[in-house]
Amino acid sequence: MTDKALSGIRVLDMTHVQAGPSCSQLMGFLGADVIKLEPPTGDITRSQLRDLPDVDSLYFTMLNCNKRSITVNLKNPKGKEVFADLIKKCDVLMENFGPGVLKRFGFDWEQVKEINPKIVMASVKGFGGEGPYAQFKAYENVAQAMGGAMSTTGLHDGPPLVTGAQIGDSGSGIHLFGAIMAALLQRERTGRGQFVECAMMDCVMNLCRVKFRDHQRLKHGPLAEYSIQEFEDFAPRAGNDSGGGQLGNAIACKPGGANDYLYVVVQEQVWPALAKRIGGDKLASDPRFIDINARRKNQAEMWRLLEEFAADYRKWDLMAVFNEIDVPCGPVLDTGDLIDDEHVRLREMAVDVDHPKRGKFTNVGCPLKLSDSPVEITPSPLLGEHTDEIMSSVLGYDANRVKELREGGAFSKSAPKT
Ligand SMILES: CC(C)(COP(=O)(O)OP(=O)(O)OC[C@H]1O[C@@H](n2cnc3c(N)ncnc32)[C@H](O)[C@@H]1OP(=O)(O)O)[C@@H](O)C(=O)NCCC(=O)NCCS
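Below you can see the structure in the form of structure tokens.
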């Protein structure tokens, strides 16, 4: 077996839905042995948004590749015995249950570190383990609402909007990935595990950092790069305005479809060439646009001129014209464009996976590219597919022990509750 970056790291992954599984899938891509521990009924997403009867949904199959699955009933005493033994054999324990669930199982960090002081226990919560919001459950859009993203997304005169990128769920998963890696590195020096937590609200705030920059800049005057004129005492919704020091906007192109736009950044140094290309020498020397301050003031007119020019072009053709003069720009690509895109396929960011029940589906690939850790995507496991294998190969249980546990309800939902 090829050595990978995380070869030798065993993860006990109790996470469900998206925030946790997005993190453990990345760990699996990089070679960790990820054991997905599911309730006997399975991760709820196996059946959510199903497109085919009795087949694990794409919601599940796209977030749980490169994992093995076991079912353990943690409300059953025999299930708890299995869980405690697994904790002893794993480097990382991950969970993203609602507040208080682990404590009710009898396995919060205090108990877990007693069982295995070297384990890194990683937890995603909507709002963290303490503070006035700690007891709230959270989903993606709740985190976007409370972390600053919604209030800064959309048009100035429209309602707050969520963004399609799952910054609360997969965004938290990526943060958690970084935190787990840091904890594993620290363990190399100290020999101790630790408790690692990412709150979805915190992660969204981290991704909105530049909006807090703008909020504080407001004390010293209006924000010239925004196309709006009136400001209140919070960072405004910016529409398609560039969030950085350069002006930018989405320019409508032919034939006028939903995504026929080219996002153009009018970088300071490219203006003379761009102005010449769209309006000749006259525009290049027009005092209304002569420097960035003038262009900020007159940006509505500048965008109008660019749109007038763009009306004759399709987005890719316009990009080619602007690329010739080194203007940073990119067409708005939809999921259909991307899944078949040559560049995307070449970088293995759209990868076909063969699932035993579903057949072929396309997963988004691993965005972390390591020269010494090639990624090979394997299909998501069926529910409990690896229960027997893990009981014997990881826990060393013999057939009698597995029989006793099975009869005691360790792996099934019909077992008595404790
Ligand atoms: C996502 C969320 C809102 C879902 O809420 P929920 O469907 O009520 O699920 P919870 O996590 O609160 O509870 C899971 C239940 O399954 C049970 N369960 C989970 N794994 C189990 C197992 N292996 N065996 C037996 N029971 C199990 C838990 O005991 C709990 O039941 P209980 O309330 O009777 O104790 C909640 O988990 C949450 O806020 N998580 C933290 C933030 C997060 O990650 N959000 C999701 C982003 S994608």
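199 is the number that the numbering used here gives to position 199 of the sequence shown; each next residue is one higher, with no gaps. Glycine residues also receive a C-beta, built at the ideal position from the N, C-alpha and C atoms.
Using CA atoms only, rank isn't needed, just tell me which of P331, G244 and H220 is closest to G256. Ranking P331, G244 and H220 by Cα distance to G256 puts P331 first.
Tell me, please, whether the region 343 to 351 touches the region 289 to 307 by the rule of three or more beta-carbon pairs shorter than 8 Å. no
When you measure from the CB of L49 to every non-hydrogen atom of ligand 2, does any distance come out below 7 Å? Here the bound small molecules are ligand 1; ligand 2 is not part of this structure.
Using the beta-carbon count (16 or more within 10 Å), is D357 buried or exposed? The sequence shown places Lys at residue 357, not Asp. By the neighbour-count rule (16 or more Cβ atoms within 10 Å), K357 is not buried but exposed.
What's the call for N400, buried or exposed, on a 16-neighbour Cβ count within 10 Å? exposed
So, do the region 69 to 81 and the region 46 to 55 have three or more beta carbon pairs nearer to each other than 8 Å? no
Work out the CA separation of Y397 and P159 for me, nearest whole Å. 57 Å
Which of helix, strand or coil does DSSP assign to V266? The three-state reading of DSSP puts V266 in strand, counting E and B together.
For the beta strand (DSSP E) containing T362, name the first residue and the last one. G359 to V364
Could you check how far apart the C-beta atoms of F60 and I377 are, in whole angstroms? I think they sit under 8 Å. Contact doesn't hold; Cβ gap of about 15 Å is too wide.
Nonlocal neighbours in the same chain, by C-beta distance under 6 Å from K417, ignoring five residues either side: Only weak support is given to the placement of K417: the predicted model assigns it a pLDDT of 43, under 50, and the value that follows is read from those uncertain coordinates. Correct list, in chain order: K75.
Can you tell me whether P287 is buried or exposed? The criterion is at least 16 other CB atoms within 10 Å of its CB, across all chains shown. exposed
Taking DSSP's pairing of strands, which residues face I70 in a bridge? Answer is L37.
Per-residue burial, W303 [other beta carbons within 10 Å of its own, 16 or more giving buried]: buried
Host alpha helix (DSSP H) of N293 (start-end): I292 to K297
Three or more C-beta pairs closer than 8 Å, one from the region 170 to 187 and one from the region 104 to 116: is that the case here? no
Is the distance from the Cβ of S339 to the Cβ of L305 below 8 Å? Note on residue identity: the sequence assigns Ile, not Ser, to residue 339. No.
Identity of the residues DSSP links to A122 by a beta bridge: M94 and V196
Rounded distance between the beta-carbons of T71 and G359, thought under 8 Å: Not a contact, Cβ separation roughly 24 Å.
Confirm, please, whether the CB-CB distance from M94 to A134 is below 8 Å. no
Could you give the DSSP three-state label for L333: helix, strand or coil? coil
Cα-Cα separation between F97 and G42, rounded to whole angstroms: 14 Å
What residue does the beta strand (DSSP E) around N249 start on, and which one ends it? L247 to A252
Collapsed DSSP secondary structure at V351 in the structure displayed: strand
Please state the DSSP three-state secondary structure of V375. Shown here, V375 sits in coil according to DSSP, grouped into three states, outside any helix or strand.
Closest Cα partner of K125 within the set V112, V101 and P381: V101
Measuring from the CB of L305, is there a heavy atom of ligand 1 at a distance below 7 Å? It does not: the Cβ of L305 is nowhere closer than 7 Å to a heavy atom of ligand 1.
Taking its Cβ as the centre, do 16 or more other Cβ atoms sit within 10 Å of R192, making it buried, or is it exposed? That one is exposed.
Closer than 7 Å: is that where the CB of Q216 sits relative to any heavy atom of ligand 1? no
Which parts of the region 112 to 195 are runs of the beta strand (DSSP E), unbroken and 3 residues or longer, counting only runs that do not cross its ends? 120 to 125
Quick check on the burial criterion: 16 or more other C-beta atoms within 10 angstroms. Buried or exposed for A415? In this predicted model, A415 has a pLDDT of only 43, less than 50, meaning its place in the structure is not dependable; the value taken from the coordinates is given anyway. Buried.
Beta carbon of T163, beta carbon of A149: below 8 Å? yes
Through-space distance from A84 to N240, alpha-carbon basis: 51 Å
To the nearest angstrom, how far is the alpha carbon of Q299 from that of G365? One C-alpha to the other measures close to 39 Å.
Give the single residue among V196, R189 and D326 whose Cα lies nearest to the Cα of F177. Residue V196 holds the alpha-carbon nearest to the alpha-carbon of F177 among V196, R189 and D326.
Which residue from E308, V270 and E307 puts its Cα closest to that of I290? V270
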